[in-house]
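Just so we're aligned, residue 6 is where the sequence shown starts under this note's numbering, counting upward by one.
Quick reminder that beta carbons are idealized off the backbone N, C-alpha and C, glycines included.
This structure is a prediction, so every number in the text was calculated from the model and none was measured.
Below: one structure, written as structure tokens.
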Amino acid sequence: MGRGSGQDGGMSEQTDILCIGSVLWDVIGRAPSPMRHGSDVPGRITRLPGGVAMNIAMALGRFGLRPRVLTAIGRDVEGEELIAACERLGVDTQLAYRSEDLPTDVYMAVEGTNGLIAAIADAHSLEAAGSKILQPLTGGVLGSVERPYAGRVALDGNLTPALLEEIAVSAAFAAADLRVAPASPGKAERLLPFLRHPRAMLYVNLEEAGLLCQQVFDTSEAAAVGLVSRGAARALVTDGGRSASDASAAGVISACPPEVLVTRVTGAGDTFMAAHMAAEISGMPHEAALNRALQAAATYVAGEPPA
């Protein structure tokens, strides 16, 4: 299993994956019927720990790994409740940046049986904290410029474009196995600094791949190959219920997800990414890891307990 190579060996030895990005409250309204613009229907509203980095961390924990998050969480009531919830879920928040002045971030979404209807992500505190969340990787706790962290890193696109650019060229990340995902299609172009990064793997959907390549793709295979042709070391492209593809200079493989009844969508891509990382950490070859991740994502969207 991957480990950090920071100066505090005891702390870094307790982490299999370092998840960097948004950890916040997900407020999700779900209706048991299709919805359209202006719909006013009965349903359920839940508040759960979320954010791309947190969703990945929670899923990694379900696969038996030990995730740690680098993020910004306020010292308000919502932040204290979030820290407690993370602890119950087995996600290590010891190195999170805790601000007295910044409120805890929140994501709000409305979903019907026809998918995501609308969402608003308020990650302003994460953006305002900026490079302060990376202090453990630059100040010696987990690593430094002189002794870069050599473990696996899941990085999400909720960070500012400037901070993502900084990470892409930072010596502190030069030895890391970087797995990068946008938070949404609207933030896909924030990943451009990693398009030619020699140690980065991109996890994107078909729309996000098109935005990064500035063209429209009809299939995940064409999109994954397109990303590699533009310089990506490795790219994994999903396309909802259609086939997903994993491409590198060695070639491309594709697989179709199982057909399931969709009951939720928020967090599905993060579950897919976590399952794929966990499968590769366990030693699965690329094709088996892709199929394992597709099965895990299908189980998630069907609302079933994780396997």
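Sequence-distant residues of the same chain with beta carbon closer than 8 Å to residue i, five excluded per side
{"i": "residue 7", "result": "Residue placement at residue 7 cannot be trusted, given a pLDDT of 34 that sits under 50; the coordinates are not used to answer."}
{"i": "residue 123", "result": "114, 115"}
{"i": "residue 200", "result": "207, 217, 232, 235, 236, 237"}
{"i": "residue 10", "result": "Because residue 10 carries a pLDDT of 36, less than 50, the predicted location of this residue cannot be relied on, and the following value inherits that uncertainty. So the list reads 17, 148, 152, 153, 154, 155, 156, 180, once near-sequence residues are dropped."}
Own chain partners of residue i with C-beta closer than 6 Å, once the 5 adjacent residues on each side are dropped
{"i": "residue 292", "result": "258"}
{"i": "residue 180", "result": "153, 155"}
{"i": "residue 33", "result": "51, 114, 271"}
{"i": "residue 244", "result": "211, 225"}
{"i": "residue 202", "result": "173"}
{"i": "residue 59", "result": "28"}
Member of the options whose CA lies at the smallest distance from the CA of residue i
{"i": "residue 120", "options": "295, 268, 300", "result": "268"}
{"i": "residue 57", "options": "39, 30, 123, 46", "result": "30"}
{"i": "residue 51", "options": "62, 44, 35", "result": "35"}
{"i": "residue 25", "options": "282, 105, 185, 251", "result": "185"}
{"i": "residue 93", "options": "140, 54, 107", "result": "54"}
{"i": "residue 275", "options": "256, 255, 299, 252", "result": "299"}
{"i": "residue 256", "options": "70, 289, 246, 239", "result": "239"}
{"i": "residue 91", "options": "27, 44, 132, 146", "result": "27"}
{"i": "residue 134", "options": "197, 220, 168", "result": "168"}
{"i": "residue 230", "options": "250, 85, 139, 84", "result": "250"}
{"i": "residue 140", "options": "99, 294, 219", "result": "99"}
Euclidean distance between Cα positions of residue i and residue j
{"i": "residue 46", "j": "residue 40", "result": "8 Å"}
{"i": "residue 261", "j": "residue 228", "result": "15 Å"}
{"i": "residue 72", "j": "residue 204", "result": "20 Å"}
{"i": "residue 101", "j": "residue 271", "result": "23 Å"}
{"i": "residue 48", "j": "residue 305", "result": "19 Å"}
{"i": "residue 78", "j": "residue 210", "result": "28 Å"}
{"i": "residue 68", "j": "residue 301", "result": "10 Å"}
{"i": "residue 61", "j": "residue 75", "result": "12 Å"}
{"i": "residue 129", "j": "residue 110", "result": "7 Å"}
{"i": "residue 289", "j": "residue 66", "result": "18 Å"}
{"i": "residue 127", "j": "residue 63", "result": "20 Å"}
{"i": "residue 14", "j": "residue 137", "result": "Note that residue 14 scores 39 on pLDDT, short of 50, meaning its location in the model is unreliable and no value can be drawn from it."}
{"i": "residue 95", "j": "residue 273", "result": "20 Å"}
{"i": "residue 145", "j": "residue 175", "result": "15 Å"}
{"i": "residue 277", "j": "residue 107", "result": "31 Å"}
{"i": "residue 86", "j": "residue 252", "result": "41 Å"}
Own chain residues within Cβ distance below 7 Å of residue i, not counting five before or after
{"i": "residue 296", "result": "260"}
{"i": "residue 303", "result": "262, 263, 265"}
{"i": "residue 143", "result": "149, 150, 177"}
{"i": "residue 213", "result": "187, 190, 193"}
{"i": "residue 166", "result": "195"}
{"i": "residue 105", "result": "80"}
{"i": "residue 38", "result": "46, 117, 118"}
{"i": "residue 283", "result": "65, 68, 70"}
Minimum Cβ-Cβ distance from residue i to chain C less than 9 Å
{"i": "residue 173", "result": "No chain C appears in the structure shown, which is made up of a single protein chain."}
Where residue i falls, given that 16 or more other Cβ within 10 Å makes a residue buried
{"i": "residue 223", "result": "exposed"}
{"i": "residue 88", "result": "buried"}
{"i": "residue 226", "result": "buried"}
{"i": "residue 44", "result": "exposed"}
{"i": "residue 82", "result": "exposed"}
{"i": "residue 19", "result": "Residue confidence is low: residue 19 scores 46 on pLDDT, short of 50, so the model does not pin down where it sits. No coordinate-derived value is stated."}
{"i": "residue 254", "result": "exposed"}
{"i": "residue 308", "result": "exposed"}
{"i": "residue 246", "result": "exposed"}
{"i": "residue 221", "result": "exposed"}
Residue i Cβ short of 8 Å to the ligand FAD heavy atom set
{"i": "residue 282", "result": "No copy of the ligand FAD occurs in the structure displayed, which carries no ligand at all."}
Where are the beta strand (DSSP E) runs, 3 residues long or more, that stay fully inside the region 154 to 192, in chain order? 157 to 161, 182 to 186
Which residue spans inside the region 236 to 274 form an unbroken beta strand (DSSP E) run of at least 3? 239 to 244, 247 to 253, 256 to 260
Along the chain, which unbroken stretches of the beta strand (DSSP E) at least 3 residues long are found entirely within the region 52 to 89? 72 to 75, 77 to 79
Counting only runs of 3+ residues fully inside the region 202 to 228, write out the beta strand (DSSP E) ranges in chain order. Qualifying beta strand (DSSP E) stretches, in chain order: 205 to 210.
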